[in-house]
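Asker:
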Amino acid sequence: MQYFEEQHLRLLILIILLFFVTLSVVAEPLIIGHAGLPTLDRSTLQHIYTGKIVELQGIRVIPVNLAVGHHLRQRFLELYMQQDENQYAAYWIMRRYVGKGKPPKDLNSTAEMQRFITETPGAIGYIDSNEASPELNILLKNFE
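The sequence shown begins at 0 in numbering that gives the first Met the number 0 and counts up by one.
#1: Considering only residues of the same chain and omitting the five flanking positions on each side of tyrosine 48, which have a CB-CB separation below 7 Å?
#2: With burial defined as no fewer than 16 other Cβ atoms inside 10 Å of the residue's Cβ, what is the status of lysine 92: buried or exposed?
#3: Can you tell me which of the three DSSP states leucine 135 falls into?
#4: Relative to the C-alpha of alanine 66, which residue among Leu55, Lys140, Ile123, Leu106 is closest?
#5: With distance defined between alpha-carbon atoms, name the residue in Leu139, Pro37, Arg72 nearest to threonine 109.
#6: How about serine 128 and proline 28: are their beta carbons less than 9 Å apart?
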């Protein structure tokens, strides 16, 4: 009987550990920008990523995305844009068709995104909140 209780306890501990590991895997995008860009609200961010705002306080903004299929891009679209990949792609197909711009450039990794944003005046993007560091210009910390 004690053997079964020990096995149940081990199983319960394993389930709890897996739960916490799964929670830490969920990426939370942190919106960052080149030095000098102001903090944003979600509405302004949405307007930037849909090409409706191209300048902030006299600075031309350059939004960048992670590549299609990247888990952090999917989370960004879900939380900040309230869209999925198909909706976002369809929006930009229509916008390009009517001559209203082109979608943000895609980058392959958050390291590449950080480098691009640091080196490019007006650049805006996102990284996993776990990658935050003091030298980054954080524009929006959460999606609420």
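C-beta atoms are modelled at their ideal positions from N, C-alpha and C, and glycine is treated no differently. Bear in mind that the values here come from a model prediction, so they are computed numbers and not experimental data.
Answerer: Looking at the coordinates:
#1: If you number the sequence shown from 1, residue 48 lands on position 49. Contacts found: Pro62, Met80, Pro103.
#2: Reading the sequence shown from its first residue, position 93 is the one you call residue 92. A small fix is needed here, since residue 92 is isoleucine in this sequence, not lysine. It counts as exposed.
#3: In the sequence shown, the residue the question calls residue 135 occupies position 136. The three-state secondary structure of leucine 135, taken from DSSP, is coil.
#4: Here the question's residue 66 lines up with position 67 in the sequence shown. Minimum Cα distance to alanine 66 is reached at Leu106.
#5: Numbered from 1 along the sequence shown, position 110 holds the residue referred to as residue 109. Ranking Leu139, Pro37, Arg72 by Cα distance to threonine 109 puts Arg72 first.
#6: In the sequence shown, counting from the first residue as 1, residue 128 sits at position 129. In the sequence shown, counting from the first residue as 1, residue 28 sits at position 29. It is a contact, given that the beta carbons lie within the stated cut-off.
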